[in-house]
Amino acid sequence: MTDLLNVAILGASGYTGAELVRLLSRHPRVAITALTADRKAGHAMADVFPQFAALELPKLTTIDEVDVDAVDLVFCALPHGTTQQVIAELFETKPSLKVVDLSADFRLADPDAYETWYGHPHHALELQSEAVFGVSELYRDEIKGARLVANPGCHSTTSILPIVPLLREQLIDADAISIVSATGMSGAGRAAKEEMLFSEVSEGVHAYGVGKHRHTSELDQEFDKAAGRPSRATFTPLLIPMNRGIYATITVTLSGGATAEALHAALQTAYWGEPFVTVLPFGKVPQSRHVRGSNSVQLGVMADRGPDRAIVISTLDNLVKGASGQAVQNMNLVAGFEETDGLAQLGLFP
555 MTDLLNVAIL GASGYTGAEL VRLLSRHPRV AITALTADRK AGHAMADVFP QFAALELPKL
615 TTIDEVDVDA VDLVFCALPH GTTQQVIAEL FETKPSLKVV DLSADFRLAD PDAYETWYGH
675 PHHALELQSE AVFGVSELYR DEIKGARLVA NPGCHSTTSI LPIVPLLREQ LIDADAISIV
735 SATGMSGAGR AAKEEMLFSE VSEGVHAYGV GKHRHTSELD QEFDKAAGRP SRATFTPLLI
795 PMNRGIYATI TVTLSGGATA EALHAALQTA YWGEPFVTVL PFGKVPQSRH VRGSNSVQLG
855 VMADRGPDRA IVISTLDNLV KGASGQAVQN MNLVAGFEET DGLAQLGLFP
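Quick note, in my numbering, the sequence shown goes up one by one and the last residue is 904.
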């Protein structure tokens with residue numbers, strides 16, 4: 555690789571693609587060499603997202619027009635189900651290429667689980683077995699040597715970060731985890747949908763994907779691995795009328811004589827020195843507004859009224875740490891850069 559890492563963003567006209575441009579445009583070690591879109595091909599990026607008017611960026615093209623040989627790393631911000639073939643063709647063209655995939659296509663290691671949750675067989679099984687699940691703090695060493703990183707889902711990241719260390723230490727019951735995870739509207743993407751109109755979603759909250767949300771499969775995969783046995787968390791996502799953010803309230807049942815204070819201590823130990831994960835003082839409640847626009851996660855632990863339960867709260871920005879920010883963090887690991895490069899933005903408040 556040259557001094558500057560040449561990157562392409564496939565699917566740059568969506569929210570996660572735009573967030574990648576925002577972050578990478580200020581990255582000291584990166585040059586954005588290609589941006590693709592489907593319906594917006596031929597347009598300037600500033601025509602699609604006017605906030606980029608001051609930047610000199612490549613014009614949006616189709617994927618077929620990208621000179622893959624001139625690219626070191628590709629971010630795939632494409633719809634689920636379309637990425638498998640695209641990435642397979644990229645690697646056929648340039649086997650040394652590095653890819654960070656923001657879709658769900660390579661997140662599940664078990665092909666049967668993928669088929670169960672996504673309704674069709676996986677079409678790139680050899681790549682699926684190669685992909686590294688990209689929760690940066692948990693799989694840092696594996697990511698550093700990866701050719702293909704599967705960026706986790708936003709809901710998944712929000713709950714995996716606080717719960718996996720507790721399962722590893724056997725402090726909570728793997729069969730008694732209840733997650734209510736509220737997300738902002740940008741998590742639904744930028745495509746026009748009647749149910750996402752302002753008058754349809756404002757001044758109210760509703761659950762969606764109840765009992766069948768696909769991010770549950772990522773929770774099962776990571777919780778099972780951490781617990782060393784099958785687990786079955788209850789996961790209920792909510793859609794709330796704000797642009798950015800995820801706020802997960804997780805009720806857990808303690809095991810082995812653990813206390814809520816022990817959970818807090820375990821999370822402090824697990825994330826000591828981590829640049830993007832902050833464990834607040836015991837009993838302090840995180841707020842989503844304090845991580846908005848940043849790659850930060852805030853975790854809080856509170857005692858429940860019963861001695862055998864505790865409440866863990868986790869919040870992050872779904873477009874940054876929940877998607878594009880974590881993708882840049884994973885790129886930094888793959889490329890051997892400082893992990894914090896391009897990600898120094900603190901929470902935007904108020």
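Glycine included, each C-beta is placed from N, C-alpha and C at the ideal position. For clarity, every value in this text was computed on a predicted model and none was experimentally measured.
Looking from the CA of residue 836, the closest CA among 719, 592, 829 and 852 belongs to 852. Rounded to whole angstroms, the gap between the alpha carbons of residue 780 and residue 774 is 10 Å.
Between residue 884 and residue 628, the CB-CB gap reaches or exceeds 9 Å.
With respect to the 9 Å criterion, residue 739 and residue 793 are classified as neighbours on the basis of their beta carbons.
Annotation: the continuous alpha helix (DSSP H) that includes residue 645 extends over 637 to 647.
Membership of residue 777 in the alpha helix (DSSP H) is indicated by the continuous run 769 to 781.
Cβ neighbours of residue 647 within its own chain (closer than 8 Å, five residues either side excluded): 622 and 623. Contact annotation: the stretch 757 to 768 does not touch the stretch 825 to 832, with fewer than three C-beta pairs closer than 8 Å. Taking residue 616 as reference, the option from 606, 596 and 634 with the minimal CA-CA separation is 596.
For the pair residue 630 and residue 861, the Cα-to-Cα distance works out to about 46 Å. Taking 9 Å as the cut-off, the Cβ atoms of residue 776 and residue 714 count as close.
The three-state secondary structure of residue 884, taken from DSSP, is helix. Nearest to residue 782 by C-alpha distance, out of 849, 719 and 795, is 719. When the Cα atoms are used, residue 576 and residue 809 turn out to be separated by approximately 44 Å. By the CB criterion at 9 Å, residue 666 and residue 561 fall outside the cutoff. Remark: C-beta atoms of residue 887 and residue 800 do not approach each other more closely than 9 Å. Spatial neighbours of residue 573 in its own chain (CB-CB distance under 6 Å, excluding positions within 5 residues in sequence) are listed in chain order as 873 and 878. Judged by beta-carbon spacing, residue 607 lies beyond the 9 Å limit of residue 590, meaning their Cβ atoms are not closer than that value. Taking all protein chains shown into account, residue 644 has 16 or more neighbouring C-beta atoms within 10 Å of its C-beta and is therefore buried.
Per DSSP, the continuous alpha helix (DSSP H) segment holding residue 714 begins and ends at 708 to 722. In this structure, residue 585 places its C-beta atom within 9 Å of the C-beta atom of residue 558. Nearest Cα to residue 903 within the set 880, 875, 841 and 890: 841. Taken through DSSP and simplified to helix, strand or coil, residue 682 comes out as helix.
716 is the residue among 848, 897 and 716 whose C-alpha sits nearest the C-alpha of residue 822. Residue 705 holds the alpha-carbon nearest to the alpha-carbon of residue 654 among 674, 705, 681 and 691.
Rounded to the nearest whole angstrom, the CA to CA distance from residue 633 to residue 733 is 26 Å.
Distance check between residue 650 and each of 889, 664 and 901 places 889 closest, using alpha-carbon atoms only. Per DSSP, residue 675 has no beta bridge partner at all.
Excluding its 5 nearest sequence neighbours in each direction, residue 875 has C-beta neighbours in its own chain below 6 Å: 849 and 851, listed in chain order. If you draw a straight line from the Cα of residue 802 to the Cα of residue 751, it is about 24 Å long. The beta-bridge partner set that DSSP reports for residue 851 consists of 831 and 870. The residues 659, 676, 677 and 678, in chain order, have a CB closer than 7 Å to that of residue 638 in the same chain once the five nearest residues on each side in sequence are set aside.
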